[in-house]
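Residue numbers (this note's numbering): 43 to 523.
Every residue, glycine too, gets a C-beta built ideally from N, C-alpha and C.
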């Protein structure tokens, strides 16, 4: 292609300006929503095995069936959102208005233990777990997609995604901190199942209020024009098929499967290896602390390319996990130091990867003419839920393989196996991510180039130039590939 300097607008759009209140609101939606994610991710398996009385193998089957459902349903949700025209609330905020209600109800329903035979309990648990995943998709997909229509400035998007990830990590961590405390408190006067139900209900009502604040004070600044083409499912599929970089990032997100296994195993590790289930709250504090490290991301991404930052974090994580394995867990303080360091390195890569994912939307738009934001972030939601489900299934099978028996002292073989999962297994996931990133060559340079192309075309969302391209466009025009 050739450059078209004269055709490129040089007027900057105000759509790039996001207020502090919106950043806070965006944080809050992710924070409140991930009370649910943290509760399900960290407590549903042990609730099934130790409270409801379902075997780990049956629990694994429930998780797998749920993800098979998601494999069909989530892409349909994403395509449906991309194929609809925006309402007065916007393209994505209209879903965020009502989704919190269903997320809250579905999460609480997962922790109801009906007084029926075991077979009936299995059906009930499977139904409510599938319902949770379905409701969560209607909340999570528009939440992540919103960052792409609040601004098309590259650094602003990175900042938004960073703030969102801080909220997500803080919400998951808060569930990990508060749930054990509330469970211990309510178990004094209630059955274990009732203590779970009360604890989950309180957390989710609080989460609902926080999510509603997030909905109310965010704004979609980059709106499709009234004449914007309504996308067909075929066009949405073409946009996905053409976006090879999106697919690479989604595979990397799926590889969080290894860390989801750690999430599932951590409560077993503290309960049996460390002989203190209360240490789970300390693990929640580590999650909160790791979210604070996200504040470094906007500074680092202004100086270094995102893909290089992720590579460095992955290499460091692998090194520390190997050292952790050889040091062991006899010293509680040192164990938490290693868990904290490795968790921070793992967590810091996620906001950067989300920002990289957001930038692939422009790549797809240049290749196909369609943005399909919901499909891109629907892929992130699906990858994450698939990782959770397979981790839950694999964890259940692993527990069985290791000889785990609920509510009794474990054998040395079981304890050693739990520690290997906690320390070494995530290093394998980090290595696989590193291998994928050796072929990733879509950096900030290419992203800005594709934005120039879209400005020249006057494409949807680019009728005016992003602020960071204005000076370059005015000075030298655009150089397209």
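When you compare each of the options to residue i by their alpha carbons, which one comes out closest?
i           : options            : result
residue 175 : 159, 142, 479, 207 : 142
residue 320 : 222, 399, 99, 93   : 222
residue 336 : 108, 432, 161, 206 : 206
residue 338 : 303, 387, 95, 314  : 387
residue 466 : 367, 400, 286      : 367
residue 490 : 301, 94, 208, 401  : 401
residue 384 : 397, 360, 399, 396 : 360
residue 135 : 187, 121, 84       : 187
residue 460 : 139, 124, 478, 438 : 438
residue 70  : 256, 357, 301, 468 : 256
residue 260 : 406, 487, 63, 468  : 63
residue 151 : 246, 220, 218      : 246
residue 468 : 363, 495, 504      : 363
residue 92  : 106, 155, 124      : 155
residue 60  : 197, 226, 165, 233 : 197
residue 423 : 298, 389, 333      : 298
Please check if any C-beta of chain B sits within less than 7 Å of the C-beta of residue i.
i           : result
residue 145 : Among the protein chains of the structure shown there is no chain B, as only one such chain exists.
When DSSP labels each residue in this structure, what does residue i get in the three-state scheme?
i           : result
residue 218 : helix
residue 411 : coil
residue 132 : strand
residue 153 : coil
residue 372 : coil
residue 297 : coil
residue 263 : coil
residue 268 : The predicted position of residue 268 is uncertain, since its pLDDT is 42 and thus under 50; a value taken from the coordinates is nonetheless stated next. Here residue 268 sits in coil by DSSP.
residue 230 : coil
residue 315 : helix
Terminal residues of the continuous alpha helix (DSSP H) containing residue i?
i           : result
residue 468 : 467 to 479
residue 75  : 62 to 89
residue 249 : 234 to 258
residue 358 : 348 to 369
residue 160 : 160 to 187
residue 321 : 321 to 334
residue 497 : 486 to 499
residue 448 : Note, residue 448: premise wrong, no alpha helix (DSSP H); not H, not E.
residue 343 : 339 to 343
On the CB-based measure, 16 or more other CB atoms within 10 Å of its CB, does residue i come out buried or exposed?
i           : result
residue 191 : buried
residue 470 : exposed
residue 373 : exposed
residue 318 : exposed
residue 413 : buried
residue 315 : buried
residue 231 : exposed
residue 140 : exposed
(message) For the pair the segment 368 to 382 and the segment 165 to 181, tell me if three or more CB-CB distances fall below 8 Å.
(response) no
(message) If contact is defined by three or more beta carbon pairs under 8 Å, each pair taking one atom from either stretch, is the segment 91 to 107 in contact with the segment 442 to 451?
(response) yes
(message) Check whether the segment 339 to 357 and the segment 390 to 408 touch, using three or more Cβ-Cβ pairs below 8 Å as the test.
(response) yes
(message) Does the contact criterion of 3 or more C-beta pairs under 8 Å hold for the segment 74 to 83 versus the segment 209 to 220?
(response) yes
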